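Asks: Structure below; questions to follow.
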Amino acid sequence: MLDGMSLEQLIKRGEIVEGMTFNQKVWALCAQVPAGSVTTYGDIAQALGCNGARAVGNALNRNPYAPEVPCHRVVGSDGRLTGFAGGLPAKEALLRAEGVEVRNGRASLASRHHFAPVRVRLSA
DNA sequence: TATTTGACAAATC
DNA sequence: TGATTTGCCAAAT
């Protein structure tokens with residue numbers, strides 16, 4: 012299973028495979044967002060075919076693969092940072108370091124990332 | 001098995 | 001603008 016690659020490795024590479032839990036898919040999608048870009052909780056939820064933005068937030072809150080899985084690039088639908096396990100100031104600093112504009116606790120959505128439709132790899 | 005818990009979001013006022 | 005309300009959903013209790 013998993014092509015001999017560890018689940019952790021797949022997630023960090025942003026690859027989604029059948030059998031992954033919702034949270035694992037969230038982490039994998041998050042890993043697809045490049046530095047300098049941002050995405051929203053809602054966008055990730057949609058990419059997974061649901062409107063559970065809150066569930067996405069929960070998953071990221073417990074992200075066990077930080078900082079390889081850059082959950083700081085996920086912001087609210089209006090650009091507000093909304094939350095970060097390491098504290099909002101840290102999230103803001105990370106985003107700025109990557110070139111994302113942050114004003115008044117709000118990130119610019121200009122570099123919003125566009126997810127490709129989730130294609131679950133056929134087993135074996 | 002049922003309830004509670006959030007790093008959400010859109011609509012309404 | 002901001003505050004409130006309601007719908008959403010997987011996980012953890």
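Heads up, the first sequence is in my numbering, so the first residue is 12 and it goes up one at a time.
Backbone N, C-alpha and C define an ideal beta-carbon position, used for all residues, glycine too.
Treat the numbers as computed from the prediction; the structure is a model and nothing was measured.
#1: To the nearest angstrom, report how far apart Arg107 and Lys23 are at their CA atoms.
#2: If you follow the alpha helix (DSSP H) that Phe33 is part of, which residue opens it and which one closes it?
#3: Using CA atoms only, rank isn't needed, just tell me which of Val129, Asp89 and Phe95 is closest to Pro81.
#4: Suppose only complete runs of 3+ residues qualify. What are the beta strand (DSSP E) ranges in the region 55-102, listed by chain order?
#5: Do Thr51 and Gly97 have their C-beta atoms within less than 8 Å of each other?
#6: Please name the residue or residues paired with Val113 in a DSSP beta bridge.
#7: Which term fits Ser122, buried or exposed, when burial requires 16 or more other beta carbons within 10 angstroms of its beta carbon?
#8: Cβ atoms of Val37 and Leu71: under 8 Å apart, would you say?
#9: Tell me Ile129's beta-bridge partners as DSSP assigns them.
Replies: So, from the listed chains and residues:
#1: Rounded to whole angstroms, the separation of the alpha carbons of Lys23 and Arg107 is 22 Å.
#2: Here the alpha helix (DSSP H) through Phe33 covers Phe33 to Ala42.
#3: For the residues Val129, Asp89 and Phe95, the minimum Cα distance to Pro81 belongs to Phe95.
#4: At a cut-off of 3 residues, not a single continuous stretch assigned as beta strand (DSSP E) sits fully inside the region 55-102.
#5: Taking 8 Å as the Cβ cut-off, Thr51 and Gly97 do not qualify as a contacting pair.
#6: In the DSSP output, where bridge partners are listed per residue, Val113 has Ala118.
#7: Per the 10 Å Cβ criterion, buried.
#8: Cβ atoms of Leu71 and Val37: closer than 8 Å.
#9: According to the sequence as given, residue 129 is Val; it is not Ile. BP columns for Val129 are empty, so no partner.
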